[in-house]
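Structure first, commentary second.
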Amino acid sequence: LAKRPRRIILVRHGQSQGNVDDKVYATVPDSQIALTERGFAQAVVAGLQIRSLVGNGTVRCFYSPYLRTKQTMLAILQAFDSQRVLLSSEPRLREQDFGNFQNMQDMKGVFQERQKFGAHAPAAPPHPPAAPARDETQPR
């Protein structure tokens with residue numbers, strides 16, 4: 416039986432270009448939205464806080480393949496520069512998939528509709544994201 420972790424720490428990505436300007440989703444694929452300078456600094460601080468919690472204990476980091484989450488992870492890892500950290504890319508770790516290159520006018524209605532549903536809102540039209548289908552084909 417594998418040893419269970421003593422703690423699980425969840426970290427959301429730092430401030431991204433999409434958090435500052437939602438129009439970026441019309442020109443940049445969601446998976447390629449980058450952190451802002453502020454977002455990178457937020458992640459560096461998060462890394463220092465995490466390091467103070469775990470000390471020299473074993474650390475394993477699971478991260479989404481999205482650019483902003485990889486950038487967040489790299490900033491966090493600065494606090495662990497002299498320590499071995501196990502890294503695992505996990506495509507099932509993600510926010511709601513908003514899709515790529517969306518018409519911002521059309522998306523206003525979609526976002527309003529999603530607010531009625533909350534975190535488990537249906538996919539944005541015209542096509543559902545590929546992630547749920549990918550999830551169903553991955554071994555558990």
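Residues in the sequence shown are numbered consecutively from 416, following the working numbering. Every residue gets a Cβ at the ideal spot worked out from N, C-alpha and C, and that includes glycine.
Counterpart residues of residue i in DSSP-defined beta bridges
| i | result |
| --- | --- |
| VAL474 | VAL500 |
| LEU450 | SER431 |
Of the residues the options, the one placed nearest residue i, counting alpha carbons only
| i | options | result |
| --- | --- | --- |
| ILE490 | ARG421, PRO420, ALA461 and VAL439 | It is Ala, not Ile, that sits at residue 490 in the sequence shown. Considering only alpha carbons, the answer is ALA461. |
| ARG422 | LYS485, GLY470, ARG509 and SER503 | GLY470 |
| ILE448 | MET488, SER431, PHE455 and GLY472 | SER431 |
| PRO444 | ILE465, GLY472, PHE495 and LEU482 | LEU482 |
| LEU468 | GLU528, ILE424 and LYS418 | ILE424 |
| SER504 | PRO480, PHE495 and PHE455 | PRO480 |
| ARG509 | PRO420, VAL426, ARG419 and ALA417 | VAL426 |
Cutoff 8 Å; reference residue i; Cβ partners in own chain excluding five residues on either side
| i | result |
| --- | --- |
| VAL500 | VAL474, ARG475, CYS476 and LEU492 |
| VAL435 | THR451 |
Contacting residues, own chain, Cβ-Cβ under 6 Å from residue i (five flanking each side not counted)
| i | result |
| --- | --- |
| THR484 | HIS428 and TYR478 |
| ARG453 | GLN430 |
| LEU502 | CYS476 |
Unbroken alpha helix (DSSP H) run spanning residue i, endpoints
| i | result |
| --- | --- |
| GLN486 | 482 to 492 |
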